[in-house]
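K.L.:
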Amino acid sequence: MNAESDERDGVVAAADPAPATGDVAGNVAEDATRDVTEEGPELGSRAPGFIKASRALHLSWQVGVFLVGLAVVVAGIIMLPLPGPGWLVIFGGMAIWATEFVWAQLVLRWTRRKVTEAAKRALDPKVRRRNIALTVIGLVIVAVLVGVYVWKFGIVMPWKIHE
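Residue numbers (my numbering): 20 to 182.
#1: With DSSP collapsed to three states, give me the class of Glu-119.
#2: For Glu-136, count neighbouring Cβ atoms within 10 angstroms of its own Cβ and tell me buried if that reaches 16, exposed if not.
#3: Run through DSSP, which three-state label would Thr-56 get?
#4: Tell me the residue span of the alpha helix (DSSP H) that contains Val-175.
#5: Could you say if the segment 116 to 125 and the segment 62 to 72 meet the contact criterion of at least three C-beta pairs nearer than 8 Å?
#6: Less than 6 Å between C-beta atoms, sequence neighbours within five positions excluded: which residues of the same chain meet that for Val-167?
#7: Going along the chain, which residues of its own chain have a beta-carbon closer than 8 Å to the beta-carbon of Arg-147, five neighbours each way excluded?
#8: From this set, Phe-69, Leu-89, Lys-145, Ala-138, which residue's C-alpha is nearest Trp-116's C-alpha?
Okay, here's the thing in structure tokens:
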């Protein structure tokens with residue numbers, strides 16, 4: 020739990036600008052600063068100011084947010100094998116954690132970036148043609164297997180089962 024995440028934000032924002040000589044280390048520092056400012060709101064706690072003012076109250080707030088987020092994530096994990104929106108609930112729990120914890124904010128940013136990249140790849144005409152071809156091949160295989168099963172065992176309706 021990072022109770023001092025706001026102080027770290029100030030350090031990242033106050034980083035020296037990269038030299039214009041093409042120095043690799045300078046470019047990395049510039050990229051890290053750009054990631055913080057361009058990809059969304061600042062990292063760190065989003066608790067109200069009066070809660071941040073007291074360290075004990077802020078720590079209690081973080082424990083509460085962690086427990087609520089944990090309950091939501093566990094419910095999502097339980098929903099994965101059961102009918103229900105398991106992944107949606109898991110990401111909801113991560114969003115709850117992201118209101119308070121930097122690591123959860125970074126995980127959500129990474130996930131959002133990967134989902135956007137996957138959506139762009141899926142819209143590529145070559146990838147779409149490949150996916151359609153694989154789907155058709157899979158459906159043909161399933162149809163052949165069902166046909167072989169029906170040919171070998173026939174179709175018996177449940178209400179015509181002879182005991």
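Ideal placement from N, C-alpha and C gives every residue a C-beta, glycine not left out.
P.N.:
Taking the definition as stated:
#1: By 1-based counting over the sequence shown, the position of residue 119 is 100. Reduced to three states, the DSSP call for Glu-119 is coil.
#2: Taking the sequence shown and counting its residues from 1, one reaches residue 136 at position 117. When all chains shown are included, Glu-136 counts as exposed.
#3: Working through the sequence shown from its first residue, we reach residue 56 at position 37. The predicted position of Thr-56 is uncertain, since its pLDDT is 45 and thus under 50; a value taken from the coordinates is nonetheless stated next. Collapsing the DSSP output to three states places Thr-56 in a helix.
#4: In the sequence shown, counting from the first residue as 1, residue 175 sits at position 156. Counting along the chain, Val-175 falls outside any alpha helix (DSSP H), and DSSP gives it neither H nor E.
#5: By the Cβ rule, the segment 116 to 125 counts as touching the segment 62 to 72, because three or more pairs are nearer than 8 Å.
#6: On the sequence shown, position 148 is the one that residue 167 refers to. Within the same chain, and ignoring the five residues on either side of Val-167 in sequence, no residue has its Cβ closer than 6 Å to its Cβ.
#7: In the sequence shown, the residue the question calls residue 147 occupies position 128. For Arg-147, where only same-chain residues beyond five positions count, the Cβ hits under 8 Å are Ala-141.
#8: For the purposes of this step, residue 116 is taken as the residue at position 97 of the sequence shown. That would be Leu-89, whose Cα lies nearest to the Cα of Trp-116.
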